[in-house]
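Here this note's numbering is used: the first residue of the sequence shown is 7, the next is one more, and so on. All remarks here apply to the structure that follows.
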Amino acid sequence: MGLIAALPDIDKYDNSVFVMHEASEKLIPFHKHTKGQLSYVEGGIAYITIDNRTYVVPARHFFWIPQGLEHILQIGHSATVLRSLYFYAHDDFSDAFFSRLGIYPASELLIQMIKYTETWDERHVTSMDENFEFLIALKKILPGTHKQPLPIILPVTQNKQMLRIVNYLENTIEEKHSLTSISKKFGLSERSLSRLFKTDMDISFLQYLKTLRIIKAIELLLNTNKSINEIADEVGYSSISSFSDTFREFTRSRPTDLRKVNVKTPK
């Protein structure tokens, strides 16, 4: 059974934990569940879209989606294994962690605990099972060990003028863009362009550009064999140190760290 086929079964029992481990590359359209979702991305990359925001989840990271939050999940590379646990929600009030969507680096302890649950793949585990205490413990360690979610969030837009601008930025990401150059390109004043980004997507032009570059760098690190120097240049950085520092700002790791976690040699 794949994740899409399993969606109707996730909420079958309110007080259970549903376990789903799947190697996949697919788009799972808008859906929600009455349970909180913990998913670990093992290799590859995943994308979550909620409320005109796309969250990027690199390999060796996990995400938490609170109960009832409608979202799109896209698993973007064939190397990805998505290891998911859908938890009962009756105790989610115990910590703010469980009420917000977040992306976090996965500790070695959490990775091993999640991998161990593959024993119960495609099953509901309940208090009647001897394994249930293990899953309770796994859920309880999340708030204490993962305080600050990563800021790898890219706003999306339906504004036609903004779509032309962001599509141009994405297609020419290797160029040395600035507020001045993009303003001239699209016949706007710098003030108008800056205001457009803030009012339409609630982000500054420079922060959007920086986020877009890091997301493209993550994709290239996980999906290609290009060197880190080549990737830095391809996403618009002339300085490796500047690229590495910005990458760390977003991911709390260096580009070399992310390259090490790829579990499959890219094509």
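Backbone N, C-alpha and C define an ideal beta-carbon position, used for all residues, glycine too. Quick caveat, the model's predicted, so the values are computed rather than measured.
Pair every Cβ in the segment 199–210 with every Cβ in the segment 245–262, then say whether three or more of these pairs are closer than 8 angstroms.
-> No contact exists between the segment 199–210 and the segment 245–262.
Report the partner residues of LEU33 according to the DSSP bridge assignment.
-> Beta-bridge pairing links LEU33 to GLN80.
State whether the segment 92–108 contacts the segment 65–78, with contact taken as three or more CB pairs (one from each stretch) at a distance under 8 angstroms.
-> These segments touch.
Hey, would you say ILE224 sits closer than 9 angstroms to PRO64, going by beta carbons?
-> Against a cut-off of 9 angstroms, the Cβ pair of PRO64 and ILE224 comes out as a contact.
Could you say which of ILE117, HIS67, ASN21 lies nearest to GLY42 if we only look at CA atoms?
-> The residue with the shortest Cα to Cα distance from GLY42 is ASN21.
Can the beta-carbon of LEU44 be found less than 9 angstroms from the beta-carbon of SER113?
-> Not closer than 9 angstroms, so no.
Backbone secondary structure at PHE211 - three-state DSSP | PHE211 falls in the helix class under three-state DSSP.
Is the segment 23–32 close to the segment 119–137, with three or more CB pairs under 8 angstroms?
-> These segments touch.
Can LEU160 and THR60 be called in contact, C-beta distance under 9 angstroms?
-> Yes, they are a contact pair.
Just checking my contact of HIS5 with TYR53 at CB under 8 angstroms: how many whole Å lie between their CB atoms?
-> Because the chain spans 7 through 273 in this model, residue 5 falls outside it and cannot be assessed.
Using the beta-carbon count (16 or more within 10 Å), is PHE253 buried or exposed?
-> Buried is the call here.
Counted within 10 angstroms of its Cβ, other Cβ atoms place ARG219 as buried (16 or more) or exposed = ARG219 comes out buried.
In whole angstroms, what separates the C-alpha of ARG258 from that of HIS152?
-> Separation of ARG258 and HIS152 (C-alpha to C-alpha, rounded to the nearest whole angstrom) is 13 angstroms.
Determine the burial state of GLY8: buried for a count of at least 16 other Cβ atoms within 10 Å of its Cβ, exposed for fewer.
-> Around the beta-carbon of GLY8, fewer than 16 other beta-carbon atoms lie within 10 Å, marking it exposed.
Residue burial classification, LYS182 (beta-carbon count within 10 angstroms, cutoff 16) = The residue in question, LYS182, is exposed, as its Cβ has fewer than 16 Cβ neighbours within 10 Å.
As assigned by DSSP and simplified to three states, the class of PRO14 = For PRO14, the three-state secondary structure derived from DSSP is helix.
Go ahead and label ALA11 buried or exposed: buried means 16 or more other beta carbons lie within 10 angstroms of its beta carbon, across all protein chains shown.
-> Classification of ALA11: exposed, given that the 10 Å Cβ count is below 16.
Return the first residue and the last residue of the alpha helix (DSSP H) that GLY42 is part of.
-> No alpha helix (DSSP H) holds GLY42; the beta strand (DSSP E) holding it covers 42–48.
Classify ILE147 as buried or exposed, calling it buried when 16 or more other Cβ atoms lie within 10 Å of its own Cβ.
-> ILE147 is exposed by the Cβ-count criterion.
Roughly how many angstroms lie between the CA atoms of LEU215 and LEU33, to the nearest whole one?
-> Straight across, the Cα-Cα distance linking LEU215 with LEU33 is about 25 angstroms.
Among ILE109, PRO157, GLY193, the one whose alpha carbon lies nearest that of GLN167 | Checked all of ILE109, PRO157, GLY193; the closest Cα to GLN167 is GLY193.
What do you get for LYS190, buried or exposed, if any count of 16 or more other CB atoms within 10 angstroms of its CB means buried?
-> With fewer than 16 other Cβ atoms within 10 Å, it is exposed.
What residues are listed by DSSP as bridge partners for ARG129?
-> Under DSSP, ARG129 forms a beta bridge with VAL25.
Contact set for ASP15: own chain, Cβ-Cβ below 6 angstroms, skip 5 residues either direction = So no residue of the chain qualifies.
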